[in-house]
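Asker: Those protein sequence lines, which keep their order, are chains U and C. Numbered according to the working numbering, the first sequence spans residues 262 to 518. Numbered according to the working numbering, the second sequence spans residues 11 to 51.
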Amino acid sequence: MSTPTATRATRWVGLAAIVTIAVLLYLGLVVSPPDVTQGNLVRLIYIHPAVATYCYVSFGICALASIAYLWPRTRSRRWDQLAGTSAEIGVVFCVATLVTGSIWGRGSWGVWWTWDARLTLTALLLAVFLGYLALRRTGGDLEGRARRSAITALACFIVVPIDHEATQWWSTLHQGDTLLRVGQSPLIHGWQLVTMLLSFVTFGLIFVWLLLHRLAIEVMEDRYETEGTVVAIVERRAEGTAPAPTRVLVPGDGSVE
Amino acid sequence: VNDYVAGGYGALAVILGLYVGHLRRRARMLAKALPSGDRRR
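#1: On the DSSP bridge list, what partners appear for residue 300 of chain U?
#2: Nearest to residue 44 of chain C by CA position, among U:351, U:466, U:487, is which residue?
#3: Do you know whose CA, among U:350, U:364, U:409, U:456, lies nearest residue 26 of chain C's CA?
#4: Which residues, in order along the segment 347-381 of chain U, keep a beta-carbon less than 7 Å from a beta-carbon of chain B?
#5: Is residue 262 of chain U close to chain C, meaning its C-beta is less than 8 Å from at least one C-beta of that chain?
#6: Taking 8 Å as the threshold (beta carbon to beta carbon), is residue 486 of chain U in contact with chain C?
#7: Identify the continuous alpha helix (DSSP H) that holds residue 385 of chain U and give its terminal residues.
#8: Taking the alpha-carbon positions, what's the residue 476 of chain U to residue 42 of chain C distance?
#9: Scan the segment 20-35 of chain C for residues whose Cβ lies nearer than 8 Å to a Cβ of chain U and list them as they occur along the chain.
#10: Within 10 Å of its beta-carbon, does residue 474 of chain U have 16 or more other beta-carbons around it, so buried, or fewer, so exposed?
#11: Against chain C, does residue 305 of chain U count as a neighbour if the rule is that its beta carbon must be under 8 Å from one of theirs?
#12: Residue 452 of chain U: which of U:411, U:281, U:276, U:293 sits nearest, CA to CA?
#13: With distance defined between alpha-carbon atoms, name the residue in U:491, U:312, U:301, U:270 nearest to residue 23 of chain C.
#14: How far does the alpha helix (DSSP H) with residue 317 of chain U in it reach, from first residue to last?
#15: Let me check understanding here. Comparing Cα to Cα, which of U:346, U:401, U:439 lies closest to residue 33 of chain C?
#16: Using a cut-off of 8 Å between C-beta atoms, extract the partners of residue 475 of chain U located in chain C.
#17: Output, in chain order, the set of chain C residues within a Cβ distance shorter than 7 Å of residue 266 of chain U.
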């Protein structure tokens, strides 16, 4: 991505992400066998759980960064920037989770949506973090806004563990964990297991790549908000001192050089 | 590969693609708006 936010790190992570995406598509759509009960629908397991996991990770980073901002010893504008950045990517991953999950649900359950505890809580998670992002766009001084946002992020994060444990706590249509089952082996084996593990690596790289770019944009936005206007005025004034065509305002028909 | 699988992979590609496009536009707009030499500090 040839943008002002590209660095050596984003290029390497981006390259690694492209390679793993290619391998994941090959393993997921060609090599890995269809499931005994779900048939080819099982191939959605190579995207949906990983996307949902990084949705949780994003909101987790947002909460940790918010704690770091609120803690007087570690208070830094960088933590607030990281919290906002991570939450935005989390919202994108949350939308992707709901959309891919809905498509999978239509194929396996016969419905696009049902008011199952897991699905409902994931929709609630999206709603509360959209509210958090809206709050970050409100006016006021940067410090006050950052403090309000950090407290709100912690309140919003409460939904994450409840959403994750929903399949254990309530009787849900949504299946439970496939890989991390307490005291039990994973539900899938062989190429299916390998491909699913690779999906976590792939989406992890995509997540880091997006985070690095988005963080750079956040820093630029902050600079634009705090200094951009002042610096622009100074530059304009400096330009005014250099020899340039004289612009004379003439009443009626605009300017004449 | 059935239609649901194609739909799931396709939808994910569209969502991520739209977001990346949005980030690119935002970064370029800010780079133009910020004074030169002051874009990435």
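A virtual CB, placed ideally from N, CA and C, is assigned to each residue, including glycine. Source: prediction; values computed, not measured.
Answerer: Put simply:
#1: U:296
#2: U:487
#3: U:350
#4: Among the protein chains in the structure shown, which are U and C, there is no chain B.
#5: Bear in mind that a pLDDT of 46 at residue 262 of chain U, under 50, signals an unreliable position, so the number given afterwards is only what the model happens to contain. Chain C, which has a Cβ nearer than 8 Å to the Cβ of residue 262 of chain U, makes this yes.
#6: no
#7: 378-397
#8: 18 Å
#9: 21, 22, 25, 26, 29, 30, 33, 34
#10: buried
#11: yes
#12: U:293
#13: U:312
#14: 309-331
#15: U:346
#16: 33
#17: 37
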